[in-house]
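Read in order, the letters of the sequence shown correspond to residues 350 to 496 in our numbering.
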Amino acid sequence: MKRLFASFLILIGLMGMASAGEIKSSLAPVVPKAAGEAHPEGNEFMRINHMKLMVHDRDDTVLLGDRNVKYSLKECVACHAVMGPDARPVSVKSDQHFCRTCHEFAAVKIDCFQCHNSLPDADLVKKLTMLPQKDRELAAYLKEVTE
Ligand code: HEC
Ligand code: HEC
Ligand code: HEC
Numbered sequence: 350m351k352r353l354f355a356s357f358l359i360l361i362g363l364m365g366m367a368s369a370g371e372i373k374s375s376l377a378p379v380v381p382k383a384a385g386e387a388h389p390e391g392n393e394f395m396r397i398n399h400m401k402l403m404v405h406d407r408d409d410t411v412l413l414g415d416r417n418v419k420y421s422l423k424e425c426v427a428c429h430a431v432m433g434p435d436a437r438p439v440s441v442k443s444d445q446h447f448c449r450t451c452h453e454f455a456a457v458k459i460d461c462f463q464c465h466n467s468l469p470d471a472d473l474v475k476k477l478t479m480l481p482q483k484d485r486e487l488a489a490y491l492k493e494v495t496e
């Protein structure tokens, strides 16, 4: 009887999680999977704080060459590269681009890519991701651009 009660509780728990998942997936934007190591700070932290990590004083950076940021936008777009239908990484012109998935959803506009490249740098991708099996398309692309 005790065991039966325990399985009942587990079942209720699972059902609760499943329906919570359903609610979440229909309301939240679909964020594409990334390559390489996940953030030690965790996804939740990154979702909330990523914009603060990359703040730089544009005048200082552009005019004085002062690099007052420790996070790299080049690295963001490298690990978070998204492959388009032609098996090449998409630029920020595509609404599939990592930085646009949530922004579109939250109606956020950023102008970062007026100066920064939204396409991943092949060497940097290689360095940061060491090609986990996750991304065969990315591997194929790298092979193509580096050969
Ligand atoms: C070394 C590779 C790497 C770099 C560099 C990197 N990320 Fe990530 N990021 C990941 C991985 C792996 C995850 C885990 C999510 C996943 O499985 O796709 C993640 C998760 C996130 C998430 C949460 C996504 C979600 O599903 O909620 C955000 C937001 C994010 N990163 C933003 C950034 C930004 C902004 C930068 C640059 C400052 C950056 N990342 C640099 C690999 C990277
Ligand atoms: C997991 C969803 C998500 C992803 C992925 C994401 N962002 Fe954001 N970003 C947001 C949300 C939501 C806001 C608005 C937060 C607010 O208004 O408080 C935001 C705001 C920003 C802002 C501040 C905009 C402003 O006007 O203040 C910058 C800059 C930014 N994101 C950069 C990036 C870059 C660069 C990437 C890709 C490397 C990226 N974000 C990917 C969700 C995301
Ligand atoms: C007016 C041009 C300009 C704009 C707009 C701009 N940046 Fe930059 N940014 C620079 C320059 C120049 C550097 C220094 C050169 C470099 O390291 O790429 C830099 C450096 C950085 C760096 C550190 C270097 C690296 O590896 O990425 C980050 C992070 C960064 N910018 C994020 C952003 C974000 C986020 C936005 C949008 C909110 C933005 N930038 C908008 C010009 C700009």
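Just so it is clear, CB atoms sit at the ideal spot from N, CA and C, and this is done for glycine as well.
Taking the Cβ atom as the reference point for each residue, do residue i and residue j lie within a distance shorter than 7 Å?
| i | j | result |
| --- | --- | --- |
| HIS465 | LEU422 | yes |
| VAL380 | THR478 | no |
| LEU473 | ALA427 | yes |
| VAL457 | PHE447 | no |
| HIS429 | ALA471 | no |
| GLU453 | ASP460 | no |
| MET400 | VAL418 | no |
Where does residue i fall in DSSP's three states?
| i | result |
| --- | --- |
| MET395 | helix |
| ALA383 | coil |
| ALA430 | coil |
| ALA471 | helix |
| LYS423 | helix |
| GLU493 | helix |
| MET403 | coil |
Could you tell me whether any non-hydrogen atom of ligand 5 is closer than 6 Å to the CB of residue i?
| i | result |
| --- | --- |
| VAL418 | Ligand 5 is absent from the structure shown, which contains only ligand 1, ligand 2 and ligand 3. |
Return no unless some Cβ of chain C is closer than 7 Å to the Cβ of residue i.
| i | result |
| --- | --- |
| ARG396 | This model lacks chain C altogether; it includes just one protein chain. |
Quick check on the DSSP output: what are the complete alpha helix (DSSP H) runs of length 4 or more inside the region 432-467, in order along the chain?
447-455
Between the region 430-442 and the region 391-401, can you find at least three pairs of beta-carbon atoms closer than 8 Å?
no
Pocket of ligand 2 (residues with CB nearer than 7 Å to any heavy atom), chain order:
PRO378, VAL380, ARG396, HIS399, MET400, MET403, LEU422, CYS425, VAL426, HIS429, PHE447, CYS448, THR450, CYS451, HIS452, ALA455, VAL457, LYS458, ILE459, CYS461
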